[in-house]
């Protein structure tokens, strides 16, 4: 199992940011390598995402289930992805902390099991790239918020769902 | 193994190439010397549906040395850089780095742009560009832009290059490196001649007066390959030798700074601690060599 984490500070309130993090259209525009996101229910998303390291960039069919959505604080989801000869399972969580001065710090973490060819790149390579991709995602999302692009919260937690990952 | 099927394109102009990139985006890979892509495609780690062979793009195969800058096109082969008398006379770090890449067959085909595009943190040119503060020139259907090497390398094999962009070349300002009082050295530690280095150090030193009894280091550059997830510029090492003649003490301080800055990944034959030690030792040796070259006759470089 690989673990990644990081944080990002935004100049927007967490109430405002929450709408951006839970709007599938914003997520589609900001998620790295994302071709499309289909909202299958308020708790379930399906996406096609092409990401990788160097020229190794499998295209994953990704399913996401929102397991916790405590507005405007905690968003937790279970994510699974499949590509030719590659797959991953992950639990990702984000916590928004208000800094008391209209800025917000987002702490994010993910535990993931990667298998297949991309697993052979190792934690160092995947960690280096994942952290950068997540930062890009936050920067793009922050830019949308700065521009005042409208965002509508559409996600909610699936009832009785619990995110877990096998060791 | 054999690669998965792909469609082969052979454009003859930059415009044709960028149009193909714009059309196929992440489904396409550029191919020049094909010294890395071919291997990962044969192993089916990469399975692009489109290969854009840029070997006919003569417009990006140039070495231009002017009063103020050195410009190298991305399709220039390692072998050409290794043998370039103009580069040996102006920025010898390039030919020194080129002549140590893998073996002769790789050097005959591999290109500058391929190495920079691959952005392996152990790669030679990425480290040279970082040491010399070079700029990369990239172009797409939307136009051209210039990216400083320090901003281009972002994470392990992850760069600022867009999937619709082509690297056309690099340029390095000559101003900080007057040939008559600059020395450069590219030193690699590797387990065998044709493999990737465990650690490399690219350094440059400019002195105030090579004929003085104790020439003062006016400017120093230190960059390390394979010591982090991107080419690692060690400004603390540079600062510790600038402003005074090179001494054992200042060299030790520079080596210590390199050890502190290095964040290497352990490898099968070299754990992280050993690689940190090497980072210090190769910084020391490379700076010492650069200083010797800066303070002696320039014709041997």
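Protein chains in written order, with our numbering: chain A, 1 to 167; chain B, 1001 to 1301.
We put the beta carbon where it would ideally sit given N, CA and C, even for glycine.
Bear in mind that the values here come from a model prediction, so they are computed numbers and not experimental data.
Span of the alpha helix (DSSP H) holding residue i?
i, result
"residue 1156 of chain B", "Careful: residue 1156 of chain B lies outside any alpha helix (DSSP H) and carries neither H nor E."
"residue 25 of chain A", "24 to 30"
"residue 1062 of chain B", "First-last for residue 1062 of chain B: undefined, no H or E at that position."
"residue 1026 of chain B", "Taken as a continuous stretch (DSSP letters only), residue 1026 of chain B belongs to no alpha helix (DSSP H), as it is neither H nor E."
"residue 1104 of chain B", "1104 to 1109"
"residue 1004 of chain B", "Careful: residue 1004 of chain B lies outside any alpha helix (DSSP H) and carries neither H nor E."
"residue 1189 of chain B", "First-last for residue 1189 of chain B: 1182 to 1189, but that is the beta strand (DSSP E), not the alpha helix (DSSP H)."
"residue 1052 of chain B", "Taken as a continuous stretch (DSSP letters only), residue 1052 of chain B belongs to no alpha helix (DSSP H), being part of the beta strand (DSSP E) at 1050 to 1053."
Show which residues of chain E have a CB atom less than 7 Å away from the CB atom of residue i.
i, result
"residue 129 of chain A", "Absent from the structure is chain E; the protein chains it does hold are A and B."
DSSP three-state call for residue i: helix, strand or coil?
i, result
"residue 137 of chain A", "helix"
"residue 1245 of chain B", "strand"
"residue 1201 of chain B", "strand"
"residue 20 of chain A", "helix"
"residue 1173 of chain B", "strand"
"residue 1195 of chain B", "coil"
"residue 990 of chain B", "A question about residue 990 of chain B goes unanswered here, because the residues of chain B that appear run from 1001 up to 1301."
"residue 1272 of chain B", "helix"
"residue 1299 of chain B", "At residue 1299 of chain B the pLDDT is 46, less than 50, meaning the model places this residue with poor confidence; the figure from the coordinates comes in the next sentence. It is helical."
"residue 129 of chain A", "helix"
"residue 1259 of chain B", "helix"
"residue 84 of chain A", "coil"
"residue 1148 of chain B", "strand"
"residue 1251 of chain B", "helix"
"residue 1013 of chain B", "coil"
"residue 1292 of chain B", "helix"
"residue 1031 of chain B", "strand"
May I ask which residues mark the beginning and end of the beta strand (DSSP E) holding residue i?
i, result
"residue 1040 of chain B", "From DSSP, residue 1040 of chain B is part of no beta strand (DSSP E) but of the alpha helix (DSSP H) over 1037 to 1042."
"residue 1229 of chain B", "Element bounds for residue 1229 of chain B: n/a, residue is neither H nor E."
"residue 41 of chain A", "34 to 41"
"residue 154 of chain A", "Element bounds for residue 154 of chain A: n/a, residue is neither H nor E."
"residue 107 of chain A", "104 to 116"
"residue 1096 of chain B", "Careful: residue 1096 of chain B lies outside any beta strand (DSSP E), inside the alpha helix (DSSP H) at 1093 to 1099."
"residue 1078 of chain B", "Looking at the DSSP string, residue 1078 of chain B is not in any beta strand (DSSP E); the run it does join, the alpha helix (DSSP H), is 1078 to 1083."
Please confirm whether residue i and residue j have their CB atoms less than 8 Å apart.
i, j, result
"residue 1189 of chain B", "residue 1274 of chain B", "no"
"residue 1236 of chain B", "residue 1261 of chain B", "yes"
"residue 1030 of chain B", "residue 1169 of chain B", "no"
"residue 1207 of chain B", "residue 1215 of chain B", "yes"
"residue 50 of chain A", "residue 158 of chain A", "no"
"residue 1139 of chain B", "residue 1259 of chain B", "no"
"residue 1093 of chain B", "residue 1132 of chain B", "yes"
"residue 1134 of chain B", "residue 1035 of chain B", "no"
"residue 1028 of chain B", "residue 1054 of chain B", "no"
"residue 1107 of chain B", "residue 1082 of chain B", "yes"
"residue 1254 of chain B", "residue 1265 of chain B", "no"
"residue 1091 of chain B", "residue 1205 of chain B", "no"
"residue 39 of chain A", "residue 24 of chain A", "yes"
Less than 8 Å between CB atoms is the rule here; does residue i satisfy it with respect to chain B?
i, result
"residue 66 of chain A", "no"
"residue 50 of chain A", "yes"
"residue 132 of chain A", "yes"
"residue 110 of chain A", "no"
"residue 2 of chain A", "no"
"residue 117 of chain A", "yes"
Is there a Cβ from chain A that is less than 8 Å from the Cβ of residue i?
i, result
"residue 1273 of chain B", "no"
"residue 1112 of chain B", "no"
"residue 1022 of chain B", "no"
"residue 1164 of chain B", "no"
"residue 1142 of chain B", "no"
"residue 1026 of chain B", "yes"
"residue 1051 of chain B", "no"
"residue 1040 of chain B", "yes"
"residue 1029 of chain B", "yes"
"residue 1232 of chain B", "no"
"residue 1132 of chain B", "no"
"residue 1037 of chain B", "yes"
"residue 1151 of chain B", "no"
"residue 1118 of chain B", "yes"
"residue 1005 of chain B", "no"
Along chain A, in chain order, which residues have C-beta atoms closer than 7 Å to that of residue i?
i, result
"residue 1046 of chain B", "55 and 56"
"residue 1265 of chain B", "124"
Whose Cβ in chain A lies nearer than 9 Å to the Cβ of residue i?
i, result
"residue 1269 of chain B", "Per Cβ cutoff of 9 Å: no residues; residue 1269 of chain B is ~15 Å from chain A at best."
"residue 1229 of chain B", "124, 125, 127, 128 and 129"
Please list, in chain order, the chain B residues whose beta carbon lies closer than 7 Å to that of residue i.
i, result
"residue 96 of chain A", "Within 7 Å Cβ-Cβ: nothing; residue 96 of chain A doesn't reach chain B, min ~25 Å."
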